[in-house]
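First up is the structure itself, then whatever we jot down about it.
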Amino acid sequence: MAPEVIQQSAYDSKADIWSLGITAIELAKGEPPNSDMHPMRVLFLIPKNNPPTLVGDFTKSFKEFIDACLNKDPSFRPTAKELLKHKFIVKNSKKTSYLTELIDRFKRWKAEGHSDDESDSEGSDSESTSRENNTHPEWSFTTVRKKPDPKKVQNGAEQDLVQTLSCLSMIITPAFAELKQQDENNASRNQAIEELEKSIAVAEAACPGITDKMVKKLIEKFQKCSADESP
């Protein structure tokens, strides 16, 4: 996630450019930056640390492309149109006819009476294309977020990033699991962790969304403490 998204600032399509840079690193290395860390910890560090860079035996133009995408200041990130003119894209991109040829190839294959179960190498293409041809609900969120109304934020009406993370399943439960694994032989400690986990689950069942609010407050406190400790 882009730093401005994590900080709940106003953001636009430049946040997607950041995501493109992260995706490029993941495609090159087989895993995203900081994949060895807990996702919650990564959320804390992205706004604070320098942007990730691509290290290894890759071309200079590819590294420059990623560096351009991962500028912490969104105003200095290139737009999608500008990236299309980047030398890495210009050198490696194929003609748009390449995509239409794949679509025509799939349509001919489908017209011959083949099913998705019969495909091997073409299976992934047919699966993704058939999904695109199905009826989808409209895109439920936008890449542009205006500055929030302070009154709405104060009243709790402005939805925030942390609420979209399903904190109970994506953060709390994995965190408890990791704590138990750290000292598997400590029965009393693990029992206390399990009781705490059950209590949070009961609270969430009684008041849906309470876990999200709790994690949000923890993030705010952590960010405030980090800001106070900064020189």
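Position 226, counted from 1, in the sequence shown is what full-length UniProt numbering calls 226; the numbers after and before it change by one each time, with no gaps.
Note that beta-carbon positions come from the ideal geometry of N, C-alpha and C, so glycine has one too.
For Gly21, the enclosing alpha helix (DSSP H) starts and ends at Lys14 to Lys29. Three or more Cβ pairs drawn from the stretch 3-21 and the stretch 51-69 lie within less than 8 Å of each other, which places the two stretches in contact. Of all C-beta pairs linking the stretch 24-39 to the stretch 59-77, three or more are shorter than 8 Å, placing the two stretches in contact. Between Ile6 and Leu43, the gap from beta carbon to beta carbon is short of 7 Å. Straight-line spacing of the CA atoms in Leu45 and Ile200 works out to 26 Å. For Arg189, the three-state secondary structure derived from DSSP is helix. The three-state reading of DSSP puts Ala203 in helix, counting H, G and I together. Membership of Asp104 in the alpha helix (DSSP H) is indicated by the continuous run Ser97 to Ala111.
Taking all protein chains shown into account, Phe222 has fewer than 16 neighbouring C-beta atoms within 10 Å of its C-beta and is therefore exposed.
The C-alpha of Ser35 lies about 31 Å from the C-alpha of Val202.
Using a Cβ distance threshold of 7 Å, Lys198 and Asn190 do not count as a contacting pair. For Arg41, the three-state secondary structure derived from DSSP is helix. The C-alpha of Tyr98 lies about 15 Å from the C-alpha of Lys91. The Cβ neighbour count for Ala187, taken over all protein chains shown within 10 Å, is under 16; the residue is labelled exposed. Burial state of Lys95 is exposed, judged by a 10 Å Cβ sphere holding fewer than 16 other Cβ atoms.
Per the coordinates, the alpha-carbon of Arg105 lies some 12 Å from the alpha-carbon of His114.
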